[in-house]
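> The opening position of the sequence shown corresponds to residue 2 in the numbering used here, with each subsequent residue numbered one higher.
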Amino acid sequence: MARDPWAYRDVAVESVADPRTGRLRIKPMAGQAYATSMRVQCARGLSDPDRYPAGTRFLIRAKLTDRAGGPPFLYAWHGDPVRVLTPREVRSFLDEYRRRRI
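(1) With H, G and I counted as helix, E and B as strand and the rest as coil, what does DSSP make of F68?
(2) Using a 10 Å radius around the Cβ and a threshold of 16 neighbouring Cβ atoms, would you call P20 buried or exposed?
(3) Buried or exposed: S93, going by 16 or more other Cβ atoms within 10 Å of its Cβ?
(4) Please report whether the beta-carbon of A34 lies at a distance below 7 Å from any beta-carbon of chain D.
(5) Quick check on this structure: which residue in W7, D11, T57, G32 has the alpha carbon closest to the alpha carbon of R26?
(6) Within its chain, find whatever has a CB closer than 6 Å to the CB of D67; leave out the 5 residues flanking it on each side and keep chain order.
(7) From this set, R100, V85, R89, which residue's C-alpha is nearest V14's C-alpha?
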């Protein structure tokens with residue numbers, strides 16, 4: 002099955018420590034169309050604390066999906082480029098996102 006590039010959107014995500022396990026997990030940032038509690042499936046390297054500390058923000062290409070009727074989650078293909086965002090780039094991206102919303 003071919004990958005549909007039109008299904009993928011830019012999403013700003015951040016790494017946070019999971020309160021139950023203490024491991025880093027990736028979640029969508031507030032101010033977008035996705036709940037901050039939504040799961041994000043992406044490359045494991047983004048949640049590696051040796052490479053990126055907690056609080057690191059990324060821009061990924063992701064699509065909303067579900068698996069066999071389960072809860073929806075964001076899926077980012079592991080081979081897509083990922084960009085680490087500076088605080089200024091985060092503000093700019095979220096401001097632009099709000100302007101594009103109808």
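C-beta atoms are modelled at their ideal positions from N, C-alpha and C, and glycine is treated no differently.
Looking at the coordinates:
(1) In the sequence as presented, Phe is not what sits at residue 68; that position holds Arg. Three-state DSSP puts R68 in coil, outside helix and strand.
(2) exposed
(3) exposed
(4) Here there is only one protein chain, and chain D is not present.
(5) T57
(6) P73
(7) V85
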